[in-house]
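Student: Dumping the structure here so I can ask a few things about it.
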Amino acid sequence: LQAQLRLDRRTSNAERHNIVSELLVQVGLTGSASTLIGKPGQDKVLSGGEKKRLAFATELMTNPPLLFCDEPTTGLDSFSAQKLVEKMKEMTRGGRTIVCTIHQPSSEVFNMFNQLIILADGRIAFIGSTKLALEFFSKHGYECPETYSPADFFIRMLAITLDSEDECRRVVKRLCDEFAVSEAAREVELTVQLEARKGSACEVTTDKSKAPFWFDRFQWLTYRSFKQVLRDPSVQFLMILQKIALAVMVGLCFAGSVSETQTGIQSVQGALFMFVTENTFAPMYSTLAFFPLELPLFTREYRSGLYSTHLYYLSKMAAMLPGLTVEPLLFVLIAYWLTGLRNTLYAFLMTAMITTLTMNVSAACGCFFSNAFSSVATAMACLVPFDCVLMVTSGLFSKLSTLPYYISWTQNLSWLMYSNEAMSIVQWVDVRNITCELQNPDLPCLKNGSEVLDKYNFRTEHLWRNIVAMTTLYFIFHLLGYLCLRSRARNS
């Protein structure tokens, strides 16, 4: 995947394969080539040291002459740290330079470095080889005991402790001042000036490589997202099983009660509302953790210039589409016929389309909230009252025309209202006769589908308006989610 995203687009697949194979040999990961990178706590995944080496291999793919490594041994045990630095040492033999920050290395790790820069209190205490560093400290009265690790000795001498802060700062100042006027410092300054003069006479060359086409990057990002889903089929199986179980439960609850009668009207509306809610809240809340889990990976790759924010976001949208299409269709296929809703192909297909659109809008809303807030908990806390507004303005619990003015405008954001009205229109349009089985003539009787729709303040001419409105909300939510993600990427 990294080879597809990083290497020149003119590189053949055979060349990519050879580069990957050579890098795996260099970092000692040939035996783990088929092992998942994984997360902490998972079985059969790369160890911490192997992940660090894999990170090096990834950066080496474009053969950079200079690498900056920020604390590469942090979090590793002494053995893994030593193996990692050994691999780094091997990489430098081909003429590559590696600049590395490191804290409290072991003696073995410390002795592998050619040059040393010691920093203390924001100043340079020494630059040079390890041997010269020991001589410098010894010359100024600080002898390293033979049983001491040089790294531990330097840290001990230059660390500032609370109980003797003033004395420590005096020692640090003295050593930094002594080095600033030392022969070693003058040699460094001379080298810098000499290289600067050479550099001014050099001809600047530009990178001739061509980045992969945007569609290729989009394709591979989408492939990775699909791969992550397919690598845990048990979760997908449980989600499908859950959707089937819910569809059966909804179907059995309304089976036999849905009819073109006065008592059947409420059953029809209740069944339709279950179609809406069961395909709204689950996808909306499940996508809240969709982006935060991958944010560190996205930020790292975005800052490396592998792809743009919009390509990453579009790939996520594409990866979600199959699940957001199969699940609602499966739900409708089972629940529609079990409940006994209108027995026409047109009504079934329209209900399936509206349900699928409902789930996609809900997931888009979840993506927006996921990217708009810094944590899943905060996003969820803000999403709950928004859900309440969606429910109130859905048109089931109260007639839309009776809503107060300060809340009625929110129905324009409620895809629950759009989908509920659209499904109701599909079920009741052209219904000419509704049986009035009530014995009491004083009780109201709805005689046809138009009267049912009027009861809920629904209009038949709103069918395609609702579908267009839901489609618009789908793109608006995704646009807002993308803008929030782009803002977080730029501020990271």
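Here full-length UniProt numbering is used: the first residue of the sequence shown is 1, the next is one more, and so on. Every residue, glycine too, gets a C-beta built ideally from N, C-alpha and C.
For the UniProt domain "ABC transporter family G" (103 to 167), which segments carrying the beta strand (DSSP E) assignment without a break, of at least 3 residues, lie completely within its bounds, in sequence order?
Tutor: Here the runs fully enclosed are 116 to 120, 123 to 128.
Student: Please classify Ala247 as buried or exposed, where buried requires at least 16 neighbouring CB atoms within 10 angstroms.
Tutor: With 16 or more other Cβ atoms within 10 Å, it is buried.
Student: Could you check where the alpha helix (DSSP H) with Val468 kicks off and where it finishes?
Tutor: Start and end: 463 to 491.
Student: Would Leu453 and Ile434 qualify as a contact pair, given that the criterion is a beta-carbon distance under 7 Å?
Tutor: No; because the gap between Cβ atoms is not below 7 Å, this pair is not in contact.
Student: Would you call the CB atoms of Ser414 and Leu383 closer than 7 Å?
Tutor: Contact flag unset, no.
Student: Can you tell me which of the three DSSP states Gln382 falls into?
Tutor: Per the sequence presented here, residue 382 reads as Cys, with Gln not at that position. Three-state DSSP puts Cys382 in a helix.
Student: By how many angstroms is the C-alpha of Arg300 removed from the C-alpha of Leu46?
Tutor: Those two C-alpha atoms are separated by around 19 Å.
Student: Quick check: Thr339 and Ala271, are their CB atoms within less than 7 Å of each other?
Tutor: Closer than 7 Å, so yes.
Student: For Ala319 and Phe226, I'd like the C-alpha separation in whole angstroms.
Tutor: So the two alpha carbons sit approximately 6 Å from each other.
Student: In chain order, what residues of the same chain have a beta carbon less than 8 Å from the beta carbon of Leu54, not counting five sequence neighbours either side?
Tutor: Only Val27, Leu29, Ile37, Leu46 meet the Cβ criterion.
Student: Given this structure, state the Cα-to-Cα distance separating Gln219 from Ser401, to the nearest angstrom.
Tutor: Spanning the two alpha carbons is a distance of roughly 47 Å.
Student: Give the straight-line distance between the Cα atoms of Leu116 and Lys198, rounded to the nearest whole angstrom.
Tutor: So the alpha carbons of these two residues sit roughly 24 Å apart.
Student: Within the same chain, show all residues whose beta-carbon is closer than 6 Å to that of Ile354, passing over the 5 residues directly before and after it, in chain order.
Tutor: Answer for Ile354: Ser419, Ala422, Met423, listed in chain order.
Student: Check whether the region 84 to 103 touches the region 51 to 71, counting contact only when three or more Cβ pairs, one atom from each stretch, lie closer than 8 Å.
Tutor: As far as the Cβ criterion goes, the region 84 to 103 touches the region 51 to 71, which means the pair count is three or higher.
Student: Taking Cβ to Cβ, would you say Lys243 is nearer than 7 Å to Leu297?
Tutor: Their beta carbons are not under 7 Å apart, which means Lys243 does not touch Leu297 by this criterion.
Student: Name the two residues that bound the continuous beta strand (DSSP E) containing Phe68.
Tutor: Run containing Phe68: 66 to 70, per the beta strand (DSSP E) assignment.
Student: Return the chain-ordered list of same chain residues with a C-beta closer than 6 Å to the C-beta of Ala184, the five sequence neighbours on each side being excluded.
Tutor: Counting only Cβ-Cβ distances below 6 Å, and skipping sequence neighbours, we find Gly128.
Student: According to DSSP, is Ile37 part of a helix, a strand, or is it coil?
Tutor: Residue state, collapsed to three classes: coil.
Student: Does the Cβ of Gly75 have 16 or more other Cβ atoms within 10 Å, making it buried, or fewer, making it exposed?
Tutor: By the neighbour-count rule (16 or more Cβ atoms within 10 Å), Gly75 is not buried but exposed.
Student: Determine the extent of the beta strand (DSSP E) in which Val99 is found, giving its start and end residues.
Tutor: Unbroken beta strand (DSSP E) run through Val99: 97 to 101.
Student: In whole angstroms, give me the CA-to-CA distance for Ala151 and Glu143.
Tutor: So the alpha carbons of these two residues sit roughly 13 Å apart.
Student: Using the rule of at least 16 other Cβ atoms within 10 Å of the residue's Cβ for burial, across every protein chain shown, is Arg6 buried or exposed?
Tutor: Arg6 should be labelled buried.
Student: Going by the CB atoms, is the gap between Phe290 and Ser370 shorter than 7 Å?
Tutor: Cβ distance < 7 Å, so Ser370 and Phe290 count as in contact.
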